[in-house]
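**Student:** Chains as they are written, first to last, in this note's numbering: chain A, 1 to 143; chain B, 144 to 286. No residue lacks a Cβ here, since even glycine has one placed at the ideal position from N, Cα and C. First, the structure itself, so that you have it in front of you.
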DNA sequence: GAAACTGTAACTTATATAATTACAGTATGA
DNA sequence: TCATACTGTAATTATATAAGTTACAGTTTC
């Protein structure tokens, strides 16, 4: 998995914690520690899934377009990295005569697909607000 | 995740299906479609976890050292790619004053760790023999 | 119409993955 | 006992993926 999921969750938690729930790609990039263009790419995907809204022009930026208390990480996972659990390389070769070599790809693909669905049910346990609360708890513990 | 898990599962299923449950790295590599040295690397890890035994010298190779009916994919996952669910890149920066930026790494690390344990409970549902049976079923369906 | 934004593609660089080579170590059997 | 056929492992090279960067067109505001 690449780290777009972490970027998306971090950005959404950040927005949820801002008074106006709005920030520019530059502000988010500073906080996430990456390049604004990368933030815009991830945010663009989240916008297409209705999780954030964007406003172009002066005073524009990204604004949370969901309820952090009911938006689960599973939705974010699906938006941003569905299908990435399965490795790009596959073993075996469908063209050979060997039963194992010729059928293992399809079976493993099925397992990875099911494993990913299972994993999504873990992300379904967490909302954006939950993650923010975990962060707050850590923060409090330091004081 | 890299594809050593797929290679390990494929290799073990292949061994389980052989009369003597034994094969050389070259035979396995041919079947898996990769290089024998890569097979030796993965098999070496499986040997250290007691899943296969190896025999050096003439007539040597790898032999299954577990019961395929009771050896779950979770064991193979742990042996071969524990810790790879979490992306290597992390967002945020523990040194900043921002509550979110400075604590998000630890929280996300915890989530990825728990997610991986959850995922392992999926792999626990499958044994090597189960995978072989799935392959056989696909094979039968073609006839 | 200048300024401050997003959207997106193209390009570069860094890192991870896979393939390959090489060779030391080990068991077998003629 | 020596050639042979294996594993074990490290080093190197090649390739694919991820991340960073640049660039610029499009949009909104003032």
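Please report the distance separating the alpha-carbon of residue 257/B from that of residue 266/B.
**Tutor:** Counted from its first residue, the second chain places residue 257/B at position 114. Counted from its first residue, the second chain places residue 266/B at position 123. Looking at the two C-alpha atoms, the distance is approximately 15 Å.
**Student:** Check the Cβ-Cβ distances between residue 184/B and every residue of chain A, and say whether any is below 8 Å.
**Tutor:** Here residue 184/B refers to the residue found at position 41 when the second chain is read from its first residue. By this cut-off, residue 184/B is not an interface position.
**Student:** Ignoring anything shorter than 3 residues, give me the beta strand (DSSP E) runs that lie fully in the segment 31-64 of chain A, in order along the chain.
**Tutor:** List check, beta strand (DSSP E) in window: 52-55, 61-64.
**Student:** Check for me: the alpha helix (DSSP H) holding residue 285/B runs from which residue to which?
**Tutor:** For the purposes of this step, residue 285/B is identified with residue 142 of the second chain, where counting begins at 1. Counting along the chain, the alpha helix (DSSP H) containing residue 285/B begins and ends at 271-285.
**Student:** What residues are listed by DSSP as bridge partners for residue 166/B?
**Tutor:** Translated into positions along the second chain, residue 166/B becomes position 23. Beta-bridge pairing links residue 166/B to 205/B.
**Student:** Taking the alpha carbon of residue 245/B as the point to measure from, which residue in 2/A, 33/A, 22/A has its own alpha carbon closest?
**Tutor:** Position 102 of the second chain, counted from the first residue, corresponds to residue 245/B. Of 2/A, 33/A, 22/A, the residue nearest in Cα terms is 33/A.
**Student:** Determine whether the Cβ of residue 208/B lies closer than 8 Å to any Cβ atom of chain A.
**Tutor:** On the second chain, residue 208/B is found 65 positions in, with the first residue counted as 1. Not one chain A Cβ lies under 8 Å of residue 208/B.
**Student:** Starting from residue 215/B, follow its DSSP beta bridges and name the residues at the other end.
**Tutor:** Residue mapping note: residue 215/B aligns to position 72 of the second chain, counting from 1. Looking at the DSSP assignment, residue 215/B forms a beta bridge with 270/B.
**Student:** Nearest-angstrom Cα distance between residue 2/A and residue 191/B?
**Tutor:** Locating residue 2/A in the first chain gives position 2, where the first residue counts as 1. Locating residue 191/B in the second chain gives position 48, where the first residue counts as 1. Approximately 30 Å between the Cα atoms of the pair.
**Student:** Looking at chain B, is there any beta carbon in it that lies within less than 8 Å of the beta carbon of residue 134/A?
**Tutor:** The sequence position of residue 134/A within the first chain is 134, counting from 1. With 8 Å as the cut-off, residue 134/A counts as an interface residue toward chain B.
**Student:** Taking all protein chains shown into account, decide if residue 8/A is buried (16 or more other Cβ within 10 angstroms of its Cβ) or exposed.
**Tutor:** If you number the first chain from 1, residue 8/A lands on position 8. Answer is buried; the Cβ neighbour count reaches 16.
**Student:** What is the residue span of the alpha helix (DSSP H) that residue 158/B lies within?
**Tutor:** By 1-based counting over the second chain, the position of residue 158/B is 15. Residue range 147-160 is occupied by the alpha helix (DSSP H) that includes residue 158/B.
**Student:** Specify the secondary structure class of residue 240/B as computed by DSSP and reduced to three states.
**Tutor:** Indexing the second chain from 1 puts residue 240/B at position 97. Correct three-state label for residue 240/B: coil.
**Student:** In whole angstroms, what separates the C-alpha of residue 35/A from that of residue 159/B?
**Tutor:** Reading the first chain from its first residue, position 35 is the one you call residue 35/A. Reading the second chain from its first residue, position 16 is the one you call residue 159/B. Straight-line measurement puts the Cα of residue 159/B at about 49 Å from the Cα of residue 35/A.
**Student:** Could you check whether the segment 95-110 of chain A touches the segment 153-168 of chain B, counting it as contact only if at least three pairs of C-beta atoms, one from each stretch, sit closer than 8 Å?
**Tutor:** As far as the Cβ criterion goes, the segment 95-110 of chain A touches the segment 153-168 of chain B, which means the pair count is three or higher.
**Student:** Roughly how many whole angstroms lie between the Cα atoms of residue 78/A and residue 108/A?
**Tutor:** Start at 1 with the first residue of the first chain, and residue 78/A comes out as number 78. Start at 1 with the first residue of the first chain, and residue 108/A comes out as number 108. Near 20 Å, if we compare the C-alpha coordinates of residue 108/A and residue 78/A.
**Student:** So is residue 92/A in contact with chain B if we call contact Cβ pairs under 8 Å?
**Tutor:** Within the first chain, numbered from 1, the residue matching residue 92/A stands at position 92. Interface residue, yes.
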